[in-house]
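Reviewing the structure listed below.
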Amino acid sequence: MRGLYFEEFEVGRVYRHPFTRTVTESDNVLFTSLTMNTQPLHLDHEFAKGTIHGRPLFNSLFTLALVGGFHVLELTFGTTLGNLGYDKVEFPHPVFHGDTLRGETTILDKRESRSRTDSGIVWFEHRGYNQDDTLVMRCTRVGLMARSPEHGGSNPRVLGDDTPVTEEQRA
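Residue 123 in the UniProt record's numbering sits at position 123 of the sequence shown, with consecutive numbering throughout.
Laid out in structure tokens, this is it:
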């Protein structure tokens with residue numbers, strides 16, 4: 001199974017990813033500790049009670065990483081050659097312990113690489129929603145994507161066969 005090659009991305013296509021994840025206090029404590037972001041708003045219930053939210057918030061970089069990962073198996077598994085950047089990262093609503101998140105991705109644009117014949121550049125918009133369908137995260141990501149072997153790309157190492165995820169598997 002593999003993600004999509006550069007040629008297979010359709011500009012304007014929206015993918016609603018089938019994965020969801022309920023986030024826990026342990027997730028937040030572990031991520032916050034691993035990244036040395038010991039902000040009491042993430043870790044201290046008593047401190048958080050006195051804030052506008054009244055309870056601890058999830059570390060926003062955890063939200064970015066989780067929502068940014070929902071698309072991988074479906075779209076980019078084994079075909080991403082590198083991330084070129086993130087832009088317009090927004091967190092319009094906080095994430096709290098116990099929220100269940102899901103993701104969507106829109107293919108915004110794509111173009112052939114000017115410096116590499118084996119790849120192309122794709123612009124993605126990733127969005128994350130909580131269990132109430134409230135938008136909690138949005139960002140634009142630029143990825144360097146492998147071209148198919150038929151179009152000058154080298155065949156990336158994939159697990160199993162070299163077929164993309166099918167529409168039926170996405171459903």
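No residue lacks a Cβ here, since even glycine has one placed at the ideal position from N, Cα and C. Quick caveat, the model's predicted, so the values are computed rather than measured.
Report, in whole angstroms, the separation of the C-beta atoms of residue i and residue j, which I expect to be a contact under 8 Å.
| i | j | result |
| --- | --- | --- |
| residue 126 | residue 105 | 5 Å |
| residue 53 | residue 17 | About 27 Å; that fails the 8 Å criterion. |
| residue 21 | residue 83 | Rounded, the Cβ-Cβ distance is 21 Å, inconsistent with contact. |
| residue 151 | residue 7 | 6 Å |
| residue 67 | residue 3 | Going by Cβ atoms, the distance from residue 67 to residue 3 rounds to 17 Å, so no, they are not a contact pair. |
| residue 174 | residue 38 | Any property of residue 174 remains undetermined from this structure, which presents the chain solely from 1 to 171. |
Have a look at residue i and residue j and give me their C-alpha separation to the nearest angstrom.
| i | j | result |
| --- | --- | --- |
| residue 145 | residue 50 | 46 Å |
| residue 29 | residue 109 | 36 Å |
| residue 41 | residue 60 | 11 Å |
| residue 115 | residue 87 | 22 Å |
| residue 36 | residue 44 | 15 Å |
| residue 26 | residue 1 | 31 Å |
Looking at residue j and residue i, is the spacing between their C-beta atoms short of 7 Å?
| i | j | result |
| --- | --- | --- |
| residue 5 | residue 79 | yes |
| residue 74 | residue 138 | no |
| residue 48 | residue 56 | yes |
With H, G and I counted as helix, E and B as strand and the rest as coil, what does DSSP make of residue i?
| i | result |
| --- | --- |
| residue 29 | helix |
| residue 75 | helix |
| residue 9 | coil |
| residue 17 | strand |
| residue 66 | helix |
| residue 34 | helix |
| residue 159 | Per-residue confidence for residue 159 stands at a pLDDT of 49, beneath the threshold of 50, marking its modelled position as unreliable; no derived number is given. |
| residue 43 | helix |
| residue 119 | strand |
| residue 151 | helix |
Might you give, ordered along the chain, the residues of its own chain that have their beta carbon closer than 8 Å to the beta carbon of residue i, omitting 5 neighbours on each side?
| i | result |
| --- | --- |
| residue 113 | 119, 120, 121 and 144 |
| residue 76 | 3, 4, 143 and 145 |
Excluding the 5 residues preceding and the 5 following residue i in the sequence, name in chain order all residues of the same chain whose CB lies nearer than 6 Å to its CB.
| i | result |
| --- | --- |
| residue 134 | 93 |
| residue 95 | 58, 63 and 136 |
| residue 111 | 121 |
| residue 148 | 5 and 7 |
| residue 81 | 119, 144 and 146 |
For residue i, which residues in the same chain have their Cβ closer than 7 Å to its Cβ, ignoring the five residues on either side in sequence?
| i | result |
| --- | --- |
| residue 107 | 9, 10, 11, 12, 13, 122 and 124 |
Closest Cβ-Cβ distance between residue i and chain B: below 7 Å?
| i | result |
| --- | --- |
| residue 29 | The structure shown has no chain B; it contains just one protein chain. |
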